[in-house]
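Here the structure is laid out as structure tokens; the discussion comes afterwards.
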Amino acid sequence: MVLAKEKDVEASSVPLVLEAHSKEDWKTISDGFMTSWQFPNCLGAIDSTHMRVQAPLNSGSNYFNYKQFFSMVMMATCDAQYKFTWVDVGQFGSISDGEVWANTEFAEDLSSGNVSLPDSSPLRGEEIPFPYVLWEMKLFHLRII
Numbered sequence: 001m002v003l004a005k006e007k008d009v010e011a012s013s014v015p016l017v018l019e020a021h022s023k024e025d026w027k028t029i030s031d032g033f034m035t036s037w038q039f040p041n042c043l044g045a046i047d048s049t050h051m052r053v054q055a056p057l058n059s060g061s062n063y064f065n066y067k068q069f070f071s072m073v074m075m076a077t078c079d080a081q082y083k084f085t086w087v088d089v090g091q092f093g094s095i096s097d098g099e100v101w102a103n104t105e106f107a108e109d110l111s112s113g114n115v116s117l118p119d120s121s122p123l124r125g126e127e128i129p130f131p132y133v134l135w136e137m138k139l140f141h142l143r144i145i
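Under the UniProt record's numbering, the first residue of the sequence shown is numbered 1, with each subsequent residue one higher.
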């Protein structure tokens with residue numbers, strides 16, 4: 001699985017390959033969040049930012065964002081040590097974070113079960129299994145995975 005893509009304004013893409021994660025890799029990431037931040041069952045922190053661009057010719061308002069400038073969106077996840085674990089770059093600045101997320105291959109793979117996630121596990125001192133989650137760094141809608 002390609003976990004990162006850099007997209008130019010013509011919508012072609014160049015894959016930037018980040019290693020696909022195994023169940024053990026995800027568990028190691030989760031253990032890091034527990035150790036560093038006392039956050040159990042966390043597979044990563046997710047956030048996005050607008051990267052200012054010059055308005056592409058004939059792009060209309062596709063790249064014009066709510067902050068009143070032209071941009072592309074970079075959405076990424078990182079581990080507890082702030083290392084990128086997944087990156088998507090190049091979606092229109094005019095769309096919401098929820099739409100950016102929904103348009104990513106990672107979101108599609110998570111929804112269809114194509115990511116090797118660890119099985120739900122009980123939180124410390126509990127018996128009922130709890131799903132693994134992504135820590136949203138700001139408000140946008142994500143489904144529990």
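All residues carry an ideal CB built from backbone N, CA and C; glycine is no exception. The model shown is predicted, which means the values in this text are computed figures rather than measured ones.
Quiz item: Assuming Gly90 contacts Met72 under a Cβ cut-off of 8 Å, what Cβ separation, rounded to an integer in Å, is found between them?
Solution: 5 Å
When the Cα of Asn58 is compared with those of Met51, Gly98, Leu43 and Phe70, which residue comes out closest? Phe70
Residue from Asp88, Ser61, Phe92 and Leu117 whose Cα sits closest to the Cα of Val133: Leu117
Discussion item. Tell me which residues share the same chain as Phe33 and place their Cβ nearer than 6 Å to its Cβ, disregarding the 5 neighbours each side in the sequence.
Written reply: Phe39, Cys42 and Ala80
- Looking only at C-alpha atoms, which of Glu24, Ser30, Pro129 and Ile128 sits nearest to Thr77? Ser30
Using C-beta distances below 7 Å, list every residue in its chain close to Phe64, excluding the 5 sequence neighbours before and after it, in chain order.
Phe70, Gly93 and Ser94
Endpoints, alpha helix (DSSP H) assigned at Val100:
Element bounds for Val100: Asp97 to Ala102.
*Are the beta-carbon atoms of Gly44 and Trp135 separated by less than 8 Å?*
yes
- prompt: In terms of DSSP beta bridges, what is Arg124 paired with?
  reply: Paired residue(s): none; Arg124 is not in a bridge.
Requested in this report: Determine, using beta carbons only, whether Trp101 and Leu18 come nearer to each other than 8 Å.
Outcome: no
| said: Tell me the rounded alpha-carbon separation between Thr49 and Lys83. | reply: 16 Å
- Message: Looking at the secondary structure, which residues open and close the beta strand (DSSP E) in which Gly60 lies?
- Response: No beta strand (DSSP E) contains Gly60, which DSSP labels as neither H nor E.
Pick helix, strand or coil for Leu18, following the three-state DSSP scheme. coil
- request: For the beta strand (DSSP E) containing Asp88, list its first residue and its last residue.
  value: Phe84 to Phe92
query = For Thr49, which beta-bridge partners are listed by DSSP?
reply = Met74
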